[in-house]
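Everything on this sheet refers to the single structure shown next.
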Amino acid sequence: MKKLLITGAGGFLGWNICRIAVRRYEVTGVYHRRHAGFPDVACVQCDLTCYAEVKAMMRQLRPDAVIHAAAIASPDQCLEDPSGSRRINVDAAVSLAGLCGEASIPCLFISTDLIFDGTSPPYSEASDPTPINLYGEQKVEAEQAMRARHGEMIICRMPLLFGDVPSGARSSIQPLIYTLTAGTEMALFIDEFRTPVSGTTAAAGILSMLEKKPELIHLGGKERISRYDFGKLVAAALGKDASAIRQDLAANSSRPAARPRDVSFDSSKAFSLGYRPQTIEKEIAALICISTAKAKIELPSG
Ligand SMILES: NC(=O)c1ccc[n+]([C@@H]2O[C@H](COP(=O)([O-])OP(=O)(O)OC[C@H]3O[C@@H](n4cnc5c(N)ncnc54)[C@H](OP(=O)(O)O)[C@@H]3O)[C@@H](O)[C@H]2O)c1
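With the first letter of the sequence shown counted as 1, position 300 gets the number 297 in our numbering; the numbers rise by one all the way through.
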């Protein structure tokens, strides 16, 4: 079995990738403060912003490939801590690409749809990045600098993700499930659009791209949907009254970082390579089933 190193293993996406990758690879999950708690995945603790630690870890583990999913993934957090977020989102990513280059192994970097300004969707791999917040700027800088450092980069740009999470992490759907379950009113934007997929679909797509090795790929879903309509689908899957969800406009948002209105992806290149996301409705239904069975959705803080 080939050895695969996955960073961000204590976070939402890294955890989902580890869970699937373990079927085909000898996986080591890299966590930072929050342990992923896998029974069947070896985990190592590492602060990826410390070059000496990362170098020692790479030397000791000698992976055959690296998937880099660790980041400060919140646009608001990046704005609050520009230099701290830069250290992990840009500097650590570029250093890791350099170490992968020295070891002659592929490095798959997780990027985002938030590198686009949202004014001319759908966005394909040929679209020029036009970030409107610091998080998007950092991701674009990382993409370019990693590519300059290492010839074997695979860049997977991800859409909005939702799904099952490890303890202490969150995706976009957990707050919705909690609010709807509690019967509390909420407002969701009717004018912010994405092409979301579940963490499971995203992880499977990412792992398949590790084999196919495109230089750049968009792994969006097949449907463009507003936050509001997404919320209604979650309410329906939970059997809850959707009237608790009010329509709102993004212009009323008090979020500190700017958000693009419509960063829907054109993922036809990935579809032609065999990437097959299910409908959002089916993905949500499957997730609600898992969550109900586990009966352990935690209310995330913040
Ligand atoms: N979630 C989405 O909807 C979405 C959409 C598009 C793209 N993405 C991208 O997908 C990737 C994963 O995002 P996510 O949603 O899984 O975020 P997440 O749940 O916040 O996970 C990120 C992980 O990175 C780790 N990390 C942060 N600083 C680190 C450091 N200095 N050293 C080592 N690890 C560190 C965090 O560990 P600690 O918490 O222990 O510090 C955390 O486990 C990111 O690149 C993000 O930009 C996510």
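Beta carbons are placed, not taken as given, at the ideal position from N, Cα and C, and that holds for glycine.
Margin query: Under 7 Å: does the beta carbon of Phe9 sit that close to some heavy atom of ligand 1?
Written below: For ligand 1, at least one heavy atom lies less than 7 Å from the Cβ of Phe9.
Could you give the distance in angstroms between the alpha-carbon of Ala89 and the alpha-carbon of Gly236? Their Cα atoms are separated by approximately 44 Å.
*asked:* Using 8 Å as the cut-off, can you tell me whether the segment 201 to 216 makes contact with the segment 112 to 122, which would need three or more C-beta pairs spanning the two stretches below that distance?
replied: The answer is yes - the segment 112 to 122 touches the segment 201 to 216, with three or more Cβ pairs under 8 Å.
| query | For ligand 1, any of its heavy atoms closer than 7 Å to the Cβ of Tyr120? | reply | No, the beta carbon of Tyr120 sits no closer than 7 Å to any heavy atom of ligand 1.
Q. Rounded to a whole number of angstroms, what is the C-alpha to C-alpha distance between Leu284 and Ser169?
A. Computed Cα separation, rounded: 12 Å.
- Message: Does the contact criterion of 3 or more C-beta pairs under 8 Å hold for the segment 214 to 231 versus the segment 35 to 48?
- Response: They do not touch, by the three-pair rule.
(Q) Would Gly196 and Tyr272 be called neighbours here (beta carbons separated by less than 8 Å)? (A) For Gly196 and Tyr272, no; Cβs fall outside 8 Å.
In terms of residue numbering, what span does the alpha helix (DSSP H) encompassing Thr197 cover? Gly196 to Lys209 is the extent of the alpha helix (DSSP H) around Thr197.
Item checked: Proximity to Val63 [Cα-Cα], best of Leu158, Glu23 and Gly133 -> If we check each option's Cα against that of Val63, Glu23 comes out closest.
Just to confirm, are Ile222 and Phe190 a CB contact at a threshold of 8 Å?
-> Result yes, Cβ atoms of Ile222 and Phe190 sit closer than 8 Å.
Quiz item: Does DSSP put Val19 in a helix, a strand or coil?
Solution: Val19 falls in the coil class under three-state DSSP.
Next item on the list: For Ser251, name the three-state secondary structure that DSSP assigns.
Entry: Here Ser251 sits in coil by DSSP.
Give the range of the beta strand (DSSP E) segment to which Thr109 is assigned. Boundaries of the beta strand (DSSP E) around Thr109: Cys104 to Thr109.
Specify, as a first and last residue, the run of the beta strand (DSSP E) that Thr4 falls within.
It spans Lys0 to Thr4 - the beta strand (DSSP E) in which Thr4 sits, taken as one unbroken run.
### Message
Per DSSP, what are the beta-bridge partners of Tyr120 in this structure?
### Response
When beta bridges are read from the DSSP output, Tyr120 appears opposite Phe262.
When DSSP labels each residue in this structure, what does Thr46 get in the three-state scheme?
In this structure, Thr46 counts as coil in the three-state DSSP scheme.
| field | Span separating the alpha-carbon of Ser80 from that of Glu134 | value | Linking Ser80 to Glu134 through their CA atoms gives a straight-line distance of about 13 Å.
>> Using 8 Å as the threshold, is the C-beta distance between Tyr25 and Leu58 below it?
In response: The residue asked about is misnamed: residue 25 is Thr in this sequence, not Tyr. Yes.
### Message
Once DSSP output is grouped into helix, strand and coil, what is the label at Gln57?
### Response
In the structure shown, Gln57 sits in a helix (DSSP, three-state: H, G or I).
- prompt: DSSP on Ile287, reduced to helix/strand/coil?
  reply: Helix, per DSSP.
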